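One structure is given here, and the rest of the page talks about it.
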Amino acid sequence: MAIYETLESLGISLPPVTAPVAAFMPWVRSGDLLYISGHIAKKDGTPWRGQLGVSLTTEEGKQAARAVAIDLMGTLHAASGDLGRVRQIVKLMVLVNSSPNFVEQHLVANGASELFQQVFGEHGAHARSAFGVAQVPFGSCVEIDLVARLVEDGQAA
Amino acid sequence: MAIYETLESLGISLPPVTAPVAAFMPWVRSGDLLYISGHIAKKDGTPWRGQLGVSLTTEEGKQAARAVAIDLMGTLHAASGDLGRVRQIVKLMVLVNSSPNFVEQHLVANGASELFQQVFGEHGAHARSAFGVAQVPFGSCVEIDLVARLVEDGQAA
Amino acid sequence: MAIYETLESLGISLPPVTAPVAAFMPWVRSGDLLYISGHIAKKDGTPWRGQLGVSLTTEEGKQAARAVAIDLMGTLHAASGDLGRVRQIVKLMVLVNSSPNFVEQHLVANGASELFQQVFGEHGAHARSAFGVAQVPFGSCVEIDLVARLVEDGQAA
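Residue numbers (my numbering), protein chains in the order written: chain A, -3 to 153; chain B, -3 to 153; chain C, -3 to 153.
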């Protein structure tokens, strides 16, 4: 699979899905759409805490967004059975834990967007909204959810 | 209907749909998906005001989220004609009116998630994003929107 | 086309699509759904900066939301090829750059909602969530994304 070879060449190993800490599912499939729950940024397995504009730089936020994208791919792998069945990454919502004066949420979000395009190619080109939120669960610095479209059953990617 | 019996056993009576205070619809159906507009928390018919981390405890926030879920079910009932036609609660977006130091949005959101699962069973298991926002219309403490999937016309649930 | 005549009667000329400043697409089509990326408010071609409750009035915010709606229609025109192929504006997410004490996000959002209904008539009636965020990229005062449903290929609107 080209996608898994790309991940390997980037030195990325996908994590297993983390069980949600609350009363919801990591993903729900509806027809050929996959709705993936918000994933928070983690570092060494614990929440990557901090706020952009206070305790983290834009570059650190971008790395955190990239880390979330890797976790999202782990969940996509579990949900799809095979990342080659992802027809399109449709939409990302990127929440950046921001002080009232931090205005580079788009640069932070690029950490995730660029990795999706690198790994999925044209299937990774997505619509996106990125904005600054007052807080994120556990004080994490970034949270991202997404909608992806799967190849329909019985069809090739 | 098992769902309505569950609601009755919980002592929950569904409210009628509240007409939006602005230029939009309480819901829109697109194919077999229902997009439900953001509903704000209310108490005794007026906005349940307050901010988590300032004037409300996590437990109060959780109760507010549960109250929103009841209102959302009222809208789902009106939109579907019969809650038994809800095939899946697909995705919740839970906005918690948060001070910059409140980090338990996931616990607040559980007030809604747990009720959906209690009432709809496996059909209530949903994807979710929960995060802290700077404010909510009318100063309400919680706002939730959702996407649900209906049973297709002519099919049984 | 009635829609383009309505736009002309309102003195609105649609802008060309602005290339995203980051690694994502202005829109993605998935089946008959169009997911349009978050568009920030602009004035004279540059970000319409400011925060509601600090430097902008509710009426100014409403005008900014209307400006975003015009830009969104420009993107919808490019994505659909013909606004007459928009079967429904399904859902708006309206992010209002808000101080912790501003609670009229719904009135700001009406600037967009009212224009969609004016231009698209019943096809413009949409579900909506509006809330206050801590910041928006480039310090813009409003950001809006949307989901729209297109007429299926081979069908009339």
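All residues carry an ideal CB built from backbone N, CA and C; glycine is no exception. These figures come from a predicted structure and were not determined experimentally.
Fully enclosed by the region 18 to 84 of chain A, which beta strand (DSSP E) runs are 3 residues long or longer?
23 to 26 and 29 to 36
Count Cβ pairs between the region 85 to 92 of chain B and the region 125 to 142 of chain B that sit closer than 8 Å; are there 3 or more?
yes
What are the start and end residues of the alpha helix (DSSP H) that includes residue 1 of chain B?
Looking up residue 1 of chain B in the second sequence gives position 5. Residues -2 to 5.
Taking only the alpha-carbon atoms, compute the straight-line gap between residue 26 of chain C and residue 26 of chain B and give it to the nearest angstrom.
Numbered from 1 along the third sequence, position 30 holds the residue referred to as residue 26 of chain C. Numbered from 1 along the second sequence, position 30 holds the residue referred to as residue 26 of chain B. Roughly 13 Å separates the two Cα atoms.
Proximal chain C residues relative to residue 129 of chain B, where beta-carbon distance stays under 7 Å
Stepping through the second sequence from its first residue, residue 129 of chain B is reached at position 133. By Cβ distance, chain C contributes 127, 128 and 129.
According to the Cβ coordinates, are residue 105 of chain C and residue 140 of chain C closer than 9 Å?
To locate residue 105 of chain C, count along the third sequence from 1; it is residue 109. To locate residue 140 of chain C, count along the third sequence from 1; it is residue 144. Yes. Within cutoff.
If distances are taken between C-alpha atoms only, which option among B:135, B:142, B:133 and B:96 comes closest to residue 49 of chain B?
Taking the second sequence and counting its residues from 1, the one referred to as residue 49 of chain B is at position 53. If we check each option's Cα against that of residue 49 of chain B, B:96 comes out closest.
Check whether residue 23 of chain B and residue 32 of chain B have beta carbons under 9 Å apart
Residue 23 of chain B sits at position 27 when you count from the first residue of the second sequence. Residue 32 of chain B sits at position 36 when you count from the first residue of the second sequence. Taking 9 Å as the Cβ cut-off, residue 23 of chain B and residue 32 of chain B qualify as a contacting pair.
Contact check, residue 28 of chain A vs residue 146 of chain A under 8 Å by CB: the rounded distance?
Residue mapping note: residue 28 of chain A aligns to position 32 of the first sequence, counting from 1. Residue mapping note: residue 146 of chain A aligns to position 150 of the first sequence, counting from 1. Indeed they touch by this definition, with Cβ atoms about 5 Å apart.
Less than 9 Å separating the beta-carbons of residue 61 of chain A and residue 108 of chain A?
Along the first sequence, read from residue 1 onward, the residue named residue 61 of chain A stands at position 65. Along the first sequence, read from residue 1 onward, the residue named residue 108 of chain A stands at position 112. Yes, Cβ-Cβ distance for residue 61 of chain A and residue 108 of chain A is below 9 Å.
Look up residue 118 of chain B in the DSSP assignment and say whether it is helix, strand or coil.
For the purposes of this step, residue 118 of chain B is taken as residue 122 along the second sequence, with counting starting at 1. In this structure, residue 118 of chain B counts as helix in the three-state DSSP scheme.
Figure out for me which residue from C:59, C:117, C:52 and C:134 has the closest Cα to the Cα of residue 3 of chain C.
As a first step, residue 3 of chain C must be located in the third sequence, where it is residue number 7. Looking at the Cα atoms, C:117 is the closest of the given residues.
State yes or no: is the C-beta of residue -1 of chain A within less than 9 Å of the C-beta of residue 80 of chain A?
Reading the first sequence from its first residue, position 3 is the one you call residue -1 of chain A. Reading the first sequence from its first residue, position 84 is the one you call residue 80 of chain A. A contact, by the Cβ cut-off of 9 Å.
Local conformation of residue 91 of chain C per DSSP, three classes:
Here residue 91 of chain C corresponds to residue number 95 of the third sequence, with the count starting at 1. DSSP places residue 91 of chain C in strand when its eight states are reduced to three.
Classify residue 6 of chain A: buried if its beta carbon has 16 or more other beta carbons within 10 angstroms, exposed otherwise.
Start at 1 with the first residue of the first sequence, and residue 6 of chain A comes out as number 10. Exposed, since its Cβ has fewer than 16 Cβ neighbours within 10 Å.
Roughly how many angstroms separate the alpha carbons of residue 1 of chain C and residue 149 of chain C, rounded to a whole number?
As a first step, residue 1 of chain C is located in the third sequence; it is residue number 5 there, counting from the start. As a first step, residue 149 of chain C is located in the third sequence; it is residue number 153 there, counting from the start. Taking the straight line from one Cα to the other gives about 24 Å.
Between residue 64 of chain A and residue 93 of chain A, is the Cβ-Cβ spacing less than 9 Å?
Here the question's residue 64 of chain A lines up with position 68 in the first sequence. Here the question's residue 93 of chain A lines up with position 97 in the first sequence. No, the Cβ-Cβ distance between residue 64 of chain A and residue 93 of chain A is not below 9 Å.
Strictly below 7 Å CB to CB, what residues from chain C border residue 96 of chain A?
Here the question's residue 96 of chain A lines up with position 100 in the first sequence. The answer, in chain order, is 130 and 131.
Within the 9 Å Cβ cut-off, does residue 33 of chain A reach chain B?
Looking up residue 33 of chain A in the first sequence gives position 37. Output row for residue 33 of chain A: interface = yes.
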